[in-house]
Structure formats: structure tokens, C-alpha cells
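Student:
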Amino acid sequence: MNKDKKNEVLKVLARLLRENEDKILKANKKDILHCKKIDESLLDRLKIDEVKIESMATSVEKTINFEDPEGKVLFEFDYENGMRIQNKTVSFGNILIIYESRPDVTIEASILAFKAGNKVFLKGGKEASNSNKFLVSLWQRALEEVGLDKNRVEYLDLSRTKTQEIIKNNTLNLDLIIPRGGEGLIKFVKENAKVPVIVSGRGNNFAFVDKEVNFSQAVEIILNGKSRISVCNALDKVLVDKNLKDLEKNTKKLVSSLVENNIEVFGDKEISQIDTRVFWVENEEEILAQEFLSNKIYIKVVKDLGSAIEIINTYSGGHSAVIISKNKENASVFQDRVDCAAVYHNASTRFTDGGEFGFGAEIAISTQKLHFRGPIGLEQLVTNKWYISGNGQIR
Numbered sequence: 009m010n011k012d013k014k015n016e017v018l019k020v021l022a023r024l025l026r027e028n029e030d031k032i033l034k035a036n037k038k039d040i041l042h043c044k045k046i047d048e049s050l051l052d053r054l055k056i057d058e059v060k061i062e063s064m065a066t067s068v069e070k071t072i073n074f075e076d077p078e079g080k081v082l083f084e085f086d087y088e089n090g091m092r093i094q095n096k097t098v099s100f101g102n103i104l105i106i107y108e109s110r111p112d113v114t115i116e117a118s119i120l121a122f123k124a125g126n127k128v129f130l131k132g133g134k135e136a137s138n139s140n141k142f143l144v145s146l147w148q149r150a151l152e153e154v155g156l157d158k159n160r161v162e163y164l165d166l167s168r169t170k171t172q173e174i175i176k177n178n179t180l181n182l183d184l185i186i187p188r189g190g191e192g193l194i195k196f197v198k199e200n201a202k203v204p205v206i207v208s209g210r211g212n213n214f215a216f217v218d219k220e221v222n223f224s225q226a227v228e229i230i231l232n233g234k235s236r237i238s239v240c241n242a243l244d245k246v247l248v249d250k251n252l253k254d255l256e257k258n259t260k261k262l263v264s265s266l267v268e269n270n271i272e273v274f275g276d277k278e279i280s281q282i283d284t285r286v287f288w289v290e291n292e293e294e295i296l297a298q299e300f301l302s303n304k305i306y307i308k309v310v311k312d313l314g315s316a317i318e319i320i321n322t323y324s325g326g327h328s329a330v331i332i333s334k335n336k337e338n339a340s341v342f343q344d345r346v347d348c349a350a351v352y353h354n355a356s357t358r359f360t361d362g363g364e365f366g367f368g369a370e371i372a373i374s375t376q377k378l379h380f381r382g383p384i385g386l387e388q389l390v391t392n393k394w395y396i397s398g399n400g401q402i403r
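Numbering of the sequence shown is given in our numbering, commencing with residue 9 and proceeding in unit increments.
(1) Using the three-state DSSP reduction, which class does Leu-353 fall into: helix, strand or coil?
(2) Check each candidate in Ile-307, Lys-202, Ser-235 and name the one with the smallest Cα separation from Asn-178.
(3) Near Val-154, which residues of its chain fall below 7 Å by C-beta distance, leaving aside the five closest residues on each side in sequence?
(4) If the criterion is Cβ atoms closer than 8 Å, does the pair Asp-39 and Glu-135 meet it?
(5) Spell out the partners DSSP gives Gly-275 in its beta bridges.
(6) Who are the near neighbours of Gly-326 in its chain, counting only those whose CB is closer than 7 Å to its CB and skipping five residues on each side?
(7) Could you give the distance in angstroms between the alpha-carbon of Tyr-107 and the alpha-carbon of Glu-29?
(8) Could you tell me the distance, in whole angstroms, from the CA atom of Lys-37 to the CA atom of Ser-137?
(9) With 16 as the cutoff for other CB atoms within 10 Å, does Glu-370 come out buried or exposed?
(10) Just mark Ile-282 as buried or exposed, buried being the case when its beta carbon has 16 or more other beta carbons within 10 Å.
(11) Please return the same chain residues whose Cβ sits closer than 7 Å to the Cβ of Thr-114, not counting the five positions on each side in sequence.
(12) Would you identify the three-state DSSP class for Gly-385, choosing helix, strand or coil?
(13) Find out if the Cβ-Cβ distance for the pair Asn-102, Leu-182 is shorter than 8 Å.
(14) DSSP three-state call for Arg-92: helix, strand or coil?
(15) Please go through the region 297-343 and give each complete alpha helix (DSSP H) segment of 4 or more residues, from N-terminal end onward.
(16) For Gln-225, which residues in the same chain have their Cβ closer than 8 Å to its Cβ, ignoring the five residues on either side in sequence?
(17) May I ask which residues mark the beginning and end of the alpha helix (DSSP H) holding Phe-142?
(18) Just the C-alpha distance for Val-248 and Val-330, rounded to the nearest angstrom, thanks.
(19) Helix, strand or coil: which one does DSSP assign to Phe-122?
(20) Given that a residue counts as buried once 16 or more other Cβ atoms are within 10 Å of its Cβ, and exposed if not, what is Asn-338?
(21) Alpha carbon to alpha carbon, how far is Lys-304 from Asn-291? Give it in angstroms, no decimals.
(22) Apart from the five residues just before and just after Ile-295, which ones in its own chain have a Cβ nearer than 6 Å to its Cβ?
(23) May I have a chain-ordered list of the beta strand (DSSP E) segments no shorter than 3 residues that lie completely inside the region 70-114?
(24) Measuring alpha carbon to alpha carbon, tell me which of Val-286, Gly-125, Gly-189, Asp-165 ends up nearest Asn-10.
(25) Do Ser-315 and Asn-213 come within 8 Å of each other at the CB atom, strictly closer than that value?
(26) So, do the region 82-95 and the region 59-73 have three or more beta carbon pairs nearer to each other than 8 Å?
(27) For Asp-361, is the beta carbon positioned less than 7 Å from some heavy atom of the ligand MG?
(28) With 16 other CB atoms within 10 Å as the buried threshold, where does Asp-276 fall?
(29) Please report the straight-line C-alpha distance between Glu-220 and His-379, rounded to a whole angstrom.
(30) If you draw a straight line from the C-alpha of Tyr-352 to the C-alpha of Gln-343, how long is it?
(31) At what residues does the alpha helix (DSSP H) containing Val-221 begin and finish?
(32) Exposed or buried, which one is Leu-41 when buried takes at least 16 other CB atoms within 10 Å?
(33) Specify the secondary structure class of Ala-215 as computed by DSSP and reduced to three states.
(34) Quick one: Cα of Leu-386 to Cα of Ser-99, how far?
(35) Across which residues does DSSP place Arg-188 in a beta bridge pair?
(36) Using the beta-carbon count (16 or more within 10 Å), is Leu-262 buried or exposed?
What follows is the structure, given as C-alpha cells:
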């Protein structure tokens, strides 16, 4: 697809988002009213406000300014017989993005897949149906205004059963599927898809508070990790080195800060004995493996850095982890050995996001190692192809 045409479409889309703010909010209000039983986490992901609309439009504009990922020469070689061999980036082709609740994904994920030259199929959850369909209508208006086929971005208003049939039988000739949602959705797609899948996995992110630490800084980083509960980069678990100076005093300081921010604090036996506001969890293995997506955090005392790394690699979702420490050597060991897509030293896990990493937007955060790991942006939404030019050469 012509690079200039792509950017023209995105310019029109940004304008339409701003011009139709009231209609977007109206469609979203319908979705919220239809969700009679909705928890706080789902509501946070479902709700659109003026700030989110402006954020969507801004993401579109940032994507315009990024270099087009198609047609880049990755490798070239002149064969001794005169052949010219090149490896170039090309679009995947047809991409299906399946997601739950978050209507802003309808814009922020699809702009990347579109600019990377792909045809985009979107399948959102029924809870966001009105929002998603209206946003896709803006997409299609933008495409038509520039003279392109409006179905380069298409919304699948289908039942779960029909969607599952598409995944199992590949009736849309898909080249790639990106599921964004709960473990049930991801498991079904992984087990049934006939084409490659980029897994946007769960969070269940851990922080390790080292014995050499600025504890006030640790409290700030942990609180920020719980500043939004519905996102996959939220913090769920805190591991504290048992050799931390003033362990009891500092534990109470952390618990007080969490409770003051309306966060329920759960902990192992040692933590619950230090502070009676902590709920003791007897079945520790079960809670260590849970992604909370709620105002809940779990604190555990560990014997050392090695124990913390072992626990994180056993129970985390492979998304993000942070060590809070003054010791750079310990931080280096942690970042090298923890098996997560993003490993932090003295910074919040809430930064694991395509926009925050300089991508403008993201299509997903991959927790697998192929084809890419971490926030997926433009550069990761292409594949490669070999181009060989000769003049009758034979082998």
C-alpha cells in the first residue's frame, strides 16, 4: 500500500475522532448502561472519556510520524555470479485482533497493523459493541475519504461460536492472530489456531525490595504499580528481603501507605504477624500465581535475591518485574536472570506500554519469545521476504 495514502487515512481518522467526540461518548454510555453487573476493573477498561478520545487521536498522529516499516532492506548480498539478493520487510497480510472490553484498542492497535500494510479484522467483546462499531465506522469513513477500500479495517460483529469457527477453520485466510484478553481466550486461540499467534499474556507482576534500598522510593514505586488495577502492567506481588534493615517498621510503613490508598493487603505468615491489617493467605502457591486485576496486593518475605528470582520465574506471567535496590550488581543479576519481557531497576512496572516505550501506541504486549517479546509496535508487525534478481543464472 502507498505510504502517503496510509498517512492520509490516519490524518483523517485523527480528525474524525475529535469531530465525533460526543457520538463516541454516547455510544460508550450505551455499553456501560447495558453492563448491569460490572466490576471496577472491567468498568475501567470499558469506559471512554474525553481524555481517552484525545489520547486515541494523539496516538494516531504519532503513528503518522513514525517511519513506514514496509520495504526496509534487512540484508543484501551480491552473489559472485551477478545475482542480487535482498531480504526486505513485508506485511503479514490479514491480521485478526481479538480483545475484551477496551474500545480504545479498536483505534490504538489497528493503526499500527494498518500502517504496517495489513488488512485488519477486529473482534471486540460484546460489552463494548456500540463503542467498537462506531469507532470502526470512523475508520471506514477515513479509508473511503482517501479512496481506499473501507474493508481494510473490518469489525466482526459475531457470536463467540462463529468467532471460534473462524479461528479453528481459518475461513478468513488469516496470517496472524493476536488475542488480548483472559486466559480462557488465549488458551483457546493457542490450541485451535491454524496460523501464528502473538500471545498478549497476563500480568501478575512482581517487585523485589532488596536489603540495600531507599525504602521511601520503594513505597512510591509499589504504589504507582497499583495506580491502575485493570491493566496488565499493574503490580500484584511484593517480595521483601528478610535482611532488610528495620523490617517490621518498614513493613508497617508500606502497609499503611497501601491501606490509605484503598488497597487490600494480603501476605505470608511472617508479614501478617508484623501487621494485623494484613490478611494471612494459607494457600500461598495459589495466590502467587494469580493475576489480581483488583485493589489487592500480596507481600512475602524471602531469604535473598536468589529466592526472589526463583519465585518470580515460577509464578509470574512473564510480563514485568522490578528490583528496588541501591546495589547495581544485585540489580544486574536480577535483570539478567528474571525471565520476563521487561525487567526494571528502580522504576515502576506501569511503564511497560508501547506508548511509554516510544512506539506511539501498541497492538499488544507479548509474553512469548517468538516472534517478539514485550510491547508490539510497528516494527514487529511485519515479516520478511527474500527478493532475488538475476539474468538467467542457474545452479
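Every residue, glycine too, gets a C-beta built ideally from N, C-alpha and C.
Tutor: Walking through what the data contain:
(1) For the purposes of this step, residue 353 is taken as the residue at position 345 of the sequence shown. Before going further, note that residue 353 is His rather than Leu in the sequence given. His-353: strand per DSSP, three-state reduction.
(2) Position 170 of the sequence shown, counted from the start, is the residue given in the question as residue 178. When each option's Cα is compared against that of Asn-178, the closest is Lys-202.
(3) Taking the sequence shown and counting its residues from 1, one reaches residue 154 at position 146. Around Val-154: Lys-13, Glu-16, Val-17, Val-20.
(4) On the sequence shown, residue 39 is found 31 positions in, with the first residue counted as 1. On the sequence shown, residue 135 is found 127 positions in, with the first residue counted as 1. Cβ distance < 8 Å, so Asp-39 and Glu-135 count as in contact.
(5) Counted from its first residue, the sequence shown places residue 275 at position 267. In the DSSP output, where bridge partners are listed per residue, Gly-275 has Trp-288, Ile-307.
(6) On the sequence shown, position 318 is the one that residue 326 refers to. Closer than 7 Å at Cβ, skipping near neighbours: Gly-209, Asp-347, Cys-348, Ala-349, Thr-375.
(7) Translated into positions along the sequence shown, residue 107 becomes position 99. Translated into positions along the sequence shown, residue 29 becomes position 21. In a straight line, the C-alpha of Tyr-107 is about 22 Å away from that of Glu-29.
(8) Locating residue 37 in the sequence shown gives position 29, where the first residue counts as 1. Locating residue 137 in the sequence shown gives position 129, where the first residue counts as 1. Computed Cα separation, rounded: 11 Å.
(9) In the sequence shown, the residue the question calls residue 370 occupies position 362. With 16 or more Cβ atoms within 10 Å of its Cβ, Glu-370 is classed as buried.
(10) The residue labelled residue 282 in the question sits at position 274 within the sequence shown. Ile-282 comes out buried.
(11) For the purposes of this step, residue 114 is identified with residue 106 of the sequence shown, where counting begins at 1. Same-chain partners within the cutoff: Leu-130, Gly-132, Asn-140, Leu-143, Val-144.
(12) Here the question's residue 385 lines up with position 377 in the sequence shown. The answer is coil: DSSP assigns Gly-385 none of H, G, I, E or B.
(13) Walking along the sequence shown from the start, residue 102 turns up at place 94. Walking along the sequence shown from the start, residue 182 turns up at place 174. Contact flag set, yes.
(14) Walking along the sequence shown from the start, residue 92 turns up at place 84. Strand, per DSSP.
(15) 313-323
(16) Mapped onto the sequence shown, residue 225 falls at position 217. Same-chain partners within the cutoff: Ile-332, Asn-354.
(17) Within the sequence shown, residue 142 is the residue found at index 134, counting from 1. Per DSSP, Phe-142 belongs to the alpha helix (DSSP H) from 137-153.
(18) Here residue 248 refers to the residue found at position 240 when the sequence shown is read from its first residue. Here residue 330 refers to the residue found at position 322 when the sequence shown is read from its first residue. Rounded to the nearest angstrom, the two C-alpha atoms are 12 Å apart.
(19) Indexing the sequence shown from 1 puts residue 122 at position 114. It is helical.
(20) In the sequence shown, the residue the question calls residue 338 occupies position 330. Flag for Asn-338 reads buried.
(21) Translated into the one-based positions of the sequence shown, residue 291 becomes position 283. Translated into the one-based positions of the sequence shown, residue 304 becomes position 296. Straight-line Cα distance between these residues: approximately 16 Å.
(22) Counting from 1 along the sequence shown, the entry for residue 295 is found at position 287. If we look at Ile-295 and ignore the five residues flanking it on each side, its Cβ neighbours are Val-289, Tyr-306.
(23) 81-86, 92-99, 102-107
(24) Position 2 of the sequence shown, counted from the first residue, corresponds to residue 10. It is Gly-125.
(25) The residue labelled residue 213 in the question sits at position 205 within the sequence shown. The residue labelled residue 315 in the question sits at position 307 within the sequence shown. Going by C-beta atoms, Asn-213 is not nearer than 8 Å to Ser-315.
(26) no
(27) As for the ligand MG, it is missing from this structure, which has no ligand bound.
(28) As a first step, residue 276 is located in the sequence shown; it is residue number 268 there, counting from the start. With 16 or more other Cβ atoms within 10 Å, it is buried.
(29) As a working note, residue 220 is residue 212 in the sequence shown. As a working note, residue 379 is residue 371 in the sequence shown. Looking at the two C-alpha atoms, the distance is approximately 37 Å.
(30) Looking up residue 352 in the sequence shown gives position 344. Looking up residue 343 in the sequence shown gives position 335. Approximately 7 Å between the Cα atoms of the pair.
(31) Within the sequence shown, the letter at position 213 stands for residue 221. Run containing Val-221: none; DSSP gives neither H nor E here.
(32) The residue labelled residue 41 in the question sits at position 33 within the sequence shown. Flag for Leu-41 reads exposed.
(33) Taking the first residue of the sequence shown as position 1, residue 215 is located at position 207. Note: Ala-215 maps to strand in three-state DSSP.
(34) To locate residue 386, count along the sequence shown from 1; it is residue 378. To locate residue 99, count along the sequence shown from 1; it is residue 91. In a straight line, the C-alpha of Leu-386 is about 10 Å away from that of Ser-99.
(35) Within the sequence shown, the letter at position 180 stands for residue 188. Answer is Tyr-107, Ser-208, bridged to Arg-188.
(36) Taking the sequence shown and counting its residues from 1, the one referred to as residue 262 is at position 254. With 16 or more Cβ atoms within 10 Å of its Cβ, Leu-262 is classed as buried.
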